[in-house]
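Take a look at the structure set out below.
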Amino acid sequence: MILRRVIAHFRKQEWTAIAIDFLIVVFGVFFGIQVANWNAAEADRRAEAGYLLQLQRDIGAIKAELLAQVEFEQYQATLASELFEETREPPSVLRNRRIRIGLSQLSGRRTLRVESPTFVDLQGAGRLDVISDAALRDALIGYFYRTSRIVAGLDKNNAFFIDDSFTGFLRDNNFTYRPWDVDVMGSDEPPRPVLATEFRTKVLSGPLFSAEIGPLDGAPNGPVADEIITRLSWRAFISAQNESLAQQLLTLTSDIEAKLAAEISERRT
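Structure (structure tokens):
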């Protein structure tokens, strides 16, 4: 319709009308582009707000995971020290059972995973730039990079010092696994790296885990007992190291959590 009008004005040499039609077209295109840009920007702002909330939830879950890790490592280090004291006691059935149960507990370790599905999704899709605040975006990238390095160190500690060294020693010296016994140990169940299912509880309460097999019936200062003390010292040290790494991650996590909260709060005002 506009084109027909322009042609008609041109044939009649109505230059003012032609100019008006031209301006109508130009401004129409301009405003159309502006509206499209505004809609796109508004959609990006809504998407960013949603991602920030999701990241905040992910960071909250990571913090809870780290607190559980700290609790577990502190318990393991304390238990190793208590078992050292137990090895100094005169041989007895109760003493031996406590040491066996304690060593079994110390053979367990907790695998730490600090992950944000939201960050992985944004990074994988190449959409990290949806976070418009460059400082916050860089802080998130730096946080997850440092986190991955620290978790790798903790995994290495677990694999070498616990899986290979500590558990390997128990296996090589015929220390059978003993589930936690509240009455024998005189304390509640320790924090568990895995969930206790009905089937797991049934298996661990069977006769296989009550058979008296192992070299711990001798004097507390015998060769095996001396080796146990050495292993306990390393086990306590590794839990202390892992606890320190988890505390470092907690500090980093609290910092990025505060930055996210500040950004979200600013957008709401």
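Following our numbering, the numbering of the sequence shown begins with 201 at its first residue and continues without gaps.
Every residue, glycine too, gets a C-beta built ideally from N, C-alpha and C.
Keep in mind that this is a model prediction, so the values were computed, not measured.
{"Asked": "Look at the alpha carbon of residue 443 and the alpha carbon of residue 465, and state the distance between them as a whole number of angstroms.", "Found": "32 Å"}
{"Asked": "Among 382, 430, 358 and 336, which one has its Cα closest to the Cα of residue 251?", "Found": "336"}
{"Asked": "What's the gap between the Cα of residue 339 and the Cα of residue 301?", "Found": "44 Å"}
{"Asked": "Could you tell me the alpha carbon to alpha carbon distance between residue 460 and residue 438, rounded to whole angstroms?", "Found": "33 Å"}
{"Asked": "Could you check the C-alpha separation between residue 402 and residue 377 for me, to the nearest Å?", "Found": "14 Å"}
{"Asked": "Going by C-alpha to C-alpha distance, which of 276, 245, 328 and 430 sits closest to residue 369?", "Found": "430"}
{"Asked": "Looking at C-alpha atoms only, which residue of 321, 385, 352 and 360 is the closest neighbour of residue 303?", "Found": "385"}
{"Asked": "Express the C-alpha separation of residue 467 and residue 159 in angstroms, rounding to a whole number.", "Found": "Because the chain is modelled from 201 through 469, residue 159 falls outside the range shown and cannot be assessed."}
{"Asked": "Along the chain, where does the alpha helix (DSSP H) containing residue 424 start, and where does it finish?", "Found": "423–468"}
{"Asked": "Among residues of its own chain, excluding the 5 on either side of residue 297, which ones have a beta-carbon nearer than 8 Å to its beta-carbon?", "Found": "378, 381 and 384"}
{"Asked": "Between the Cα of residue 308 and the Cα atoms of 425, 264 and 365, which residue gives the shortest distance?", "Found": "365"}
{"Asked": "For residue 299, collect the residues of the same chain with a Cβ closer than 7 Å to its Cβ; drop the 5 residues on either side in sequence, then sort them by chain order.", "Found": "283, 286, 287 and 416"}
{"Asked": "Using CA atoms only, rank isn't needed, just tell me which of 427, 279 and 334 is closest to residue 372.", "Found": "427"}
{"Asked": "Quick one, which of 319, 268 and 312 has its alpha-carbon nearest residue 359's?", "Found": "312"}
{"Asked": "Taking a contact to mean a Cβ-Cβ separation below 9 Å, would you say residue 445 touches residue 350 in this structure?", "Found": "yes"}
{"Asked": "Taking 9 Å as the threshold (C-beta atoms), are residue 262 and residue 320 in contact?", "Found": "no"}
{"Asked": "Do you know offhand how far residue 295's Cα is from residue 367's?", "Found": "20 Å"}
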